[in-house]
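Colleague: Residue numbers (UniProt numbering): 1 to 420.
All C-beta atoms, glycine included, are put in the ideal place defined by N, C-alpha and C.
What follows is a single structure, and I will ask about it in a moment.
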């Protein structure tokens, strides 16, 4: 009896300090499970929850109702982010334009078929967005003014190499592809109607519904028509910038070699063009070399962008040898008026590679940009060329310079005639 009492006293003394950590697995505290999956501590009368672990058989141990409620409150937003988002397509060929300016330009241009407009709740505070809403309601477009930002992110991620969403300003427009009829050749310009007839390739009914029924190009009265031809521009950002530059200078159309250039359906292209692709006529070229050959037979002058010449340029206009096109620079072109005399096509190739040989052999002139003189003491950082979109602006301006002066003179003459 005395021995049992001694054992009890020793045991009670042993567990007197319940906050002390047990020294071995056999000495567990009250509330601690044998499998180590969950335990509670008694500290100053409060319960402290530890992270729930999985049992040895892989199943999660049940937690208290209080823990469940807390977990639901804490992870409600994170659970929403894990729900898959599906993109609603009105048609299988729909494209998604993003950003306030490209979307507004598409609605103003009315070249595309607009299916739906998606806005986040915060986007409506932007004045441009409000104008977009007005256009959409006038055109009878379906509008969602409380679209999920995650949905818009996924729409702008589609088709990007990085897989990252693009900056969309909280606005996305679902629309048809950019109209770009397939053109085989350009005809002789009609000076009376100020139009150029297009020889079109065959199209399916679906393609015709997207590209429309455009069969001619208009050009201004003070000059001959001017078309920009691009080949090998695979970066949609560069192609969009070129279209933007062409629209700024008043080029009549941009012809794109579809097999070697970035797709015209790219939303990156539309964003980079700042909406210019919705205004300037775009032509797709299924047979670029034949297009140049047949258009040249119709009297179009062909200029090929080329690197800076190593010898002085000549202004000779001989066509005796088509393989020996004459070399011009932007400086020597100042004395010429190419668009006053004949319609022109300017060909641009890829950076580094330039134009393909089957195109350069059909050129009448090689047009290059003269590099500015630098001091011999200046640091050589290896910059010997321009970005293709910048070069496009310099070359277009050189060809258009004299015609714009002529146009201004004609405008002044017309105003003076009205005064008398």
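Using DSSP bridges, identify the partner residues of residue 221.
Modeller: Counting from 1 along the chain shown, the entry for residue 221 is found at position 221. None; residue 221 has no bridge partner.
Colleague: Please report the straight-line C-alpha distance between residue 125 and residue 139, rounded to a whole angstrom.
Modeller: On the chain shown, residue 125 is found 125 positions in, with the first residue counted as 1. On the chain shown, residue 139 is found 139 positions in, with the first residue counted as 1. Whole-angstrom Cα-Cα distance: 21 Å.
Colleague: Alpha carbon to alpha carbon, what distance is there between residue 171 and residue 327?
Modeller: Position 327 of the chain shown, counted from the start, is the residue given in the question as residue 327. Position 171 of the chain shown, counted from the start, is the residue given in the question as residue 171. Distance between the alpha carbons of residue 327 and residue 171 is about 48 Å.
Colleague: Check for me: the beta strand (DSSP E) holding residue 174 runs from which residue to which?
Modeller: Numbered from its first residue, the chain shown carries residue 174 at position 174. Its beta strand (DSSP E) spans residues 171 to 175.
Colleague: For residue 366, which residues of its own chain have a beta-carbon under 6 Å away from its beta-carbon, when the five flanking residues on both sides are left out?
Modeller: Along the chain shown, read from residue 1 onward, the residue named residue 366 stands at position 366. Cβ neighbours of residue 366 beyond the five flanking positions: 304, 306, 325 and 327.
Colleague: Identify whether residue 290 lies in helix, strand or coil by the three-state DSSP scheme.
Modeller: As a working note, residue 290 is residue 290 in the chain shown. Correct three-state label for residue 290: helix.
Colleague: Please look up how many angstroms separate the CB atoms of residue 329 and residue 368, rounded, as I've assumed it's under 8 Å.
Modeller: Indexing the chain shown from 1 puts residue 329 at position 329. Indexing the chain shown from 1 puts residue 368 at position 368. Residue 329 to residue 368, Cβ: 5 Å. Contact.
Colleague: In angstroms with no decimal places, state the Cα-to-Cα distance between residue 135 and residue 174.
Modeller: As a first step, residue 135 must be located in the chain shown, where it is residue number 135. As a first step, residue 174 must be located in the chain shown, where it is residue number 174. Rounded to the nearest angstrom, the two C-alpha atoms are 14 Å apart.
Colleague: Could you check if residue 334 is buried or exposed, using at least 16 other CB atoms within 10 Å of its CB as the buried criterion?
Modeller: Taking the chain shown and counting its residues from 1, the one referred to as residue 334 is at position 334. Classification of residue 334: exposed, given that the 10 Å Cβ count is below 16.
Colleague: What first and last residue would you give for the beta strand (DSSP E) that runs through residue 305?
Modeller: In the chain shown, counting from the first residue as 1, residue 305 sits at position 305. Segment 301 to 305, the beta strand (DSSP E) holding residue 305.
Colleague: May I ask you to list the residues that DSSP assigns as paired with residue 283?
Modeller: As a working mapping, residue 283 is identified with position 283 in the chain shown. Note: residue 283 sits in a beta bridge opposite 255.
Colleague: Of all the options 261, 398, 279 and 242, which has the alpha carbon lying nearest to the alpha carbon of residue 217?
Modeller: Within the chain shown, residue 217 is the residue found at index 217, counting from 1. With distances taken between Cα atoms, residue 217 lies closest to 279.
Colleague: Could you check what DSSP says for residue 263 in three-state terms: helix, strand or coil?
Modeller: Here residue 263 refers to the residue found at position 263 of the chain shown. Three-state DSSP puts residue 263 in coil, outside helix and strand.
Colleague: Our contact map puts residue 346 next to residue 395 with C-beta atoms below 8 Å; I'd like the distance itself, whole angstroms only.
Modeller: Within the chain shown, the letter at position 346 stands for residue 346. Within the chain shown, the letter at position 395 stands for residue 395. With a Cβ gap of about 6 Å, residue 346 and residue 395 count as contacting.
Colleague: Leaving aside the five residues before and after residue 362 along the sequence, list all residues of the same chain whose C-beta is less than 8 Å from its C-beta, in chain order.
Modeller: The residue labelled residue 362 in the question sits at position 362 within the chain shown. So the qualifying residues of the chain are 289, 292, 293, 296, 302 and 322.
Colleague: Rounded to a whole number of angstroms, what is the C-alpha to C-alpha distance between residue 353 and residue 239?
Modeller: As a working mapping, residue 353 is identified with position 353 in the chain shown. As a working mapping, residue 239 is identified with position 239 in the chain shown. Using only the alpha carbons, I get a separation of about 16 Å.
Colleague: Would you identify the three-state DSSP class for residue 365, choosing helix, strand or coil?
Modeller: Start at 1 with the first residue of the chain shown, and residue 365 comes out as number 365. Looking at residue 365 - three-state DSSP - the assignment turns out to be strand.
Colleague: Could you say if the region 259 to 277 and the region 99 to 108 meet the contact criterion of at least three C-beta pairs nearer than 8 Å?
Modeller: Enough Cβ pairs lie closer than 8 Å, so yes.
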